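The listed protein sequences correspond, in order, to chains A and B.
Our numbering numbers the first residue of the first sequence as 511 and each following residue consecutively.
Our numbering numbers the first residue of the second sequence as 99 and each following residue consecutively.
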Amino acid sequence: GAVVSQHPSRVICKSGTSVKIECRSLDFQATTMFWYRQFPKKSLMLMATSNEGSKATYEQGVEKDKFLINHASLTLSTLTVTSAHPEDSSFYICSARSRLAGTDEQFFGPGTRLTVL
Amino acid sequence: LAKTTQPISMDSYEGQEVNITCSHNNIATNDYITWYQQFPSQGPRFIIQGYKTKVTNEVASLFIPADRKSSTLSLPRVSLSDTAVYYCLVGVLTGGYNKLIFGAGTRLAVHP
């Protein structure tokens, strides 16, 4: 089956630092990758959509200069939380959309728990 | 994108059948209905997807009436490990990208 990995699984950083989270599709090529954030006991909130080789499309209310997304290849997308603050502490989840013909299923990564002190 | 409405929470016991209904009154002609399961501190996991009538796989069944304004996820003989949050989503399957917008989900608690 299609597998999506995220690295790191959890990270703790000091306020003001930047944190990079990687999302990889391990056994398939992803035309599109999505980034979500999830606060405790809440649903997933879509942050942005990234297509390989082009700029990410951000959802309303998400600061593109704060959350930098790079989708350099068909198997890798990165999310960088710049100048992180405690309110950025959250569970960040990526998903990848397979480009296989006849399927449009999205596969989710295991998530990254970010804690900003 | 069609808005979905689900019960906030449900309780069940091991061995029972659980049915979770989702309302999506504004579903569009090209929209498919997809259900995901999420355990704490994990990414969502695909359960089942359908367009109309009934779909069944090894873990669940999905019932969709003719008007497609609602759908019911059926979990046969639940176990403690089925305790999770279940999300119902509607969206376009093919053509363009499928932007999944998650609703509040249904928190299912299975008791011994």
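The beta-carbon is built from N, C-alpha and C at its ideal position, and this holds for glycine as well.
No experiment lies behind these values; they were computed from the predicted model shown.
Task: Cβ-based burial, alanine 126(B) [other Cβ within 10 Å; buried from 16] - done: Exposed, by the Cβ-count rule.
TODO: Output, in sequence order along the chain, the residues in the stretch 560-583 of chain A whose CB is closer than 7 Å to any CB in chain B.
DONE: none
Task: Status (buried if at least 16 other CB within 10 Å, exposed otherwise) for aspartate 109(B) - done: exposed
Open item on the list: Taking its Cβ as the centre, do 16 or more other Cβ atoms sit within 10 Å of serine 587(A), making it buried, or is it exposed?
Closed with: With 16 or more other Cβ atoms within 10 Å, it is buried.
Open item on the list: Let me make sure I understand the geometry here. Which of Trp545(A), Phe538(A), Ser553(A) has the alpha-carbon closest to that of isoleucine 531(A)?
Closed with: Trp545(A)
Open item on the list: At the level of alpha carbons, what is the spacing between serine 608(A) and arginine 175(B)?
Closed with: If I take the Cα positions, the gap works out to 32 Å.
Task: Bounding residues of the beta strand (DSSP E) (the contiguous stretch that carries glycine 571(A)) - done: First-last for glycine 571(A): undefined, no H or E at that position.
Open item on the list: For arginine 554(A), which residues in the same chain have their Cβ closer than 8 Å to its Cβ, ignoring the five residues on either side in sequence?
Closed with: Note that residue 554(A) is leucine in the sequence shown, not arginine. Result list for leucine 554(A): Tyr546, Arg547, Gln548, Ile603, in chain order.
Task: Residues that arginine 623(A) contacts on chain B, provided the C-beta gap is smaller than 9 Å - done: Ser139
TODO: Please check if any C-beta of chain B sits within less than 8 Å of the C-beta of glutamine 616(A).
DONE: yes
Open item on the list: Within the continuous beta strand (DSSP E) that includes glutamine 516(A), where are the two ends?
Closed with: 514-517
Task: Stretch-stretch touch, CB-based, cutoff 8 Å, three pairs: the stretch 522-537 of chain A with the stretch 103-120 of chain B - done: Too few Cβ pairs lie closer than 8 Å, so no.
TODO: List the endpoints of the continuous beta strand (DSSP E) containing serine 564(A).
DONE: Segment: none, serine 564(A) is in no beta strand (DSSP E) and carries neither H nor E.
Open item on the list: Quick check on the DSSP output: the beta strand (DSSP E) that includes leucine 206(B) runs from which residue to which?
Closed with: Here the beta strand (DSSP E) through leucine 206(B) covers 204-209.
Task: Beta-carbon gap between threonine 585(A) and threonine 559(A) smaller than 8 Å - done: no
Open item on the list: For isoleucine 522(A), count the other beta carbons within 10 Å of its own beta carbon; 16 or more makes it buried, fewer makes it exposed. Which is it?
Closed with: exposed
Open item on the list: Just checking: is the beta-carbon of proline 620(A) within a distance shorter than 8 Å of some beta-carbon in chain B?
Closed with: yes
Open item on the list: For the stretch 196-207 of chain B, list every residue whose C-beta sits within 7 Å of some C-beta in chain A, in sequence order.
Closed with: Asn196, Lys197, Leu198, Ile199, Phe200, Gly201, Ala202, Gly203
Open item on the list: By the three-class DSSP mapping on this structure, what secondary structure does glutamate 115(B) have?
Closed with: In this structure, glutamate 115(B) counts as coil in the three-state DSSP scheme.
Open item on the list: Taking CB distances under 8 Å as the criterion, tell me whether serine 553(A) reaches chain B.
Closed with: yes
Open item on the list: Could you check whether the Cβ of phenylalanine 161(B) sits closer than 8 Å to any Cβ belonging to chain A?
Closed with: no
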